[in-house]
Amino acid sequence: MCNPRRIEITATRQVAEAWSREVERVAERSAQVTGEARVRQRLDDSVAAPALAALERALREGVPGWRREGEGFRHEVEGGYAVYLPEQRVLEIAAVLGAEVRGQGRANMRLHGHVEDEIAGSGASEYYEDGYRGRTQEVAEGEAAQEAEHGIARAVAERVDEAARAAEAAAASELLARAEAQAGRDLEARTAAERARLEARAGERVELVGAHARQAFHRLLALAYRDALLALARARGADDIRCDDDGEVLEIEFSLPD
Numbered sequence: 044m045c046n047p048r049r050i051e052i053t054a055t056r057q058v059a060e061a062w063s064r065e066v067e068r069v070a071e072r073s074a075q076v077t078g079e080a081r082v083r084q085r086l087d088d089s090v091a092a093p094a095l096a097a098l099e100r101a102l103r104e105g106v107p108g109w110r111r112e113g114e115g116f117r118h119e120v121e122g123g124y125a126v127y128l129p130e131q132r133v134l135e136i137a138a139v140l141g142a143e144v145r146g147q148g149r150a151n152m153r154l155h156g157h158v159e160d161e162i163a164g165s166g167a168s169e170y171y172e173d174g175y176r177g178r179t180q181e182v183a184e185g186e187a188a189q190e191a192e193h194g195i196a197r198a199v200a201e202r203v204d205e206a207a208r209a210a211e212a213a214a215a216s217e218l219l220a221r222a223e224a225q226a227g228r229d230l231e232a233r234t235a236a237e238r239a240r241l242e243a244r245a246g247e248r249v250e251l252v253g254a255h256a257r258q259a260f261h262r263l264l265a266l267a268y269r270d271a272l273l274a275l276a277r278a279r280g281a282d283d284i285r286c287d288d289d290g291e292v293l294e295i296e297f298s299l300p301d
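Under the working numbering, think of the first position of the sequence shown as 44, with each following residue one higher.
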């Protein structure tokens, strides 16, 4: 046995490799959706004008829990809100339900291409001139050639992957735009369906919300009646005016002159 000899082989191939790849993009959009059901109650036939005037004056000056919104004054209650519209003298009650809706879109595209180039690969092995343990030159040449071919195959795969990734990057914007457009259409359809469902459910709850809203409004109205009565009593020269309000019951006493 002598020192091993090293053999190196470099192989080149003119490669023409076709490739195909399926790519996909997914987009998602979301939105908050509300559904409302409303009822309106006219007050000018059931509430005295002086009380309404006092109520509106109190609202303009500021009442805790009531805030100006557009042409009216709004008060939040559980499950909805109430709005008093002074110009129309109408109490509007709304039951409100909300939900988050998500829409999804997918876009697919099959990309095709090919790689044409001269690609080289190298391989190396060792042998003994006396063929020690079967390590002949022929065996070493075969191993080196096989390694070179494997190198060519790896290089081809890398080139194909690079080309495919470049094509995918070039198509990414178009694919994403298509996916987002589909997500938008899906969201629009789901939003319409969810809004209809919420409006139907709100319609079932408007009576309960109305009870809370009217309770808040009647409390406000009681304060208006109090102010109207006290103003009337003072205007007529009343004395011994006493007003007790424990939040549940409002008592007013006064004496008018003979």
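Here a beta-carbon is modelled for each residue, glycine too, at the ideal position from N, C-alpha and C.
Item                                                                                                                                                            : Value
If you draw a straight line from the alpha carbon of LEU134 to that of GLN84, how long is it in whole angstroms?                                                : 5 Å
Quick one: grab the DSSP three-state call for CYS112.                                                                                                           : Note on residue identity: the sequence assigns Glu, not Cys, to residue 112. If DSSP states are grouped into helix, strand and coil, GLU112 belongs with the strands.
Where does THR53 land, buried or exposed, given buried means 16+ other C-beta within 10 angstroms?                                                              : exposed
Looking only at its chain, what residues have a beta carbon closer than 7 Å to the beta carbon of VAL76, apart from the 5 residues adjacent to it on each side? : GLY141, ALA142, VAL144, THR234, GLU237, ARG238 and LEU241
Mapping the DSSP letters down to three states, classify SER89 as helix, strand or coil.                                                                         : coil
Rounded to a whole number of angstroms, what is the C-alpha to C-alpha distance between VAL252 and ALA96?                                                       : 26 Å
Looking at ARG279: is its Cβ nearer than 7 Å to the Cβ of ALA138?                                                                                               : no
Looking at the unbroken beta strand (DSSP E) that takes in ARG153, where does it start and where does it end?                                                   : 133-170
State the start and end residues of the unbroken beta strand (DSSP E) segment that holds TYR127.                                                                : 123-128
Under the assumption that ALA167 contacts ILE50 (Cβ atoms under 8 Å), give the Cβ distance between them as a whole number of angstroms.                         : 7 Å
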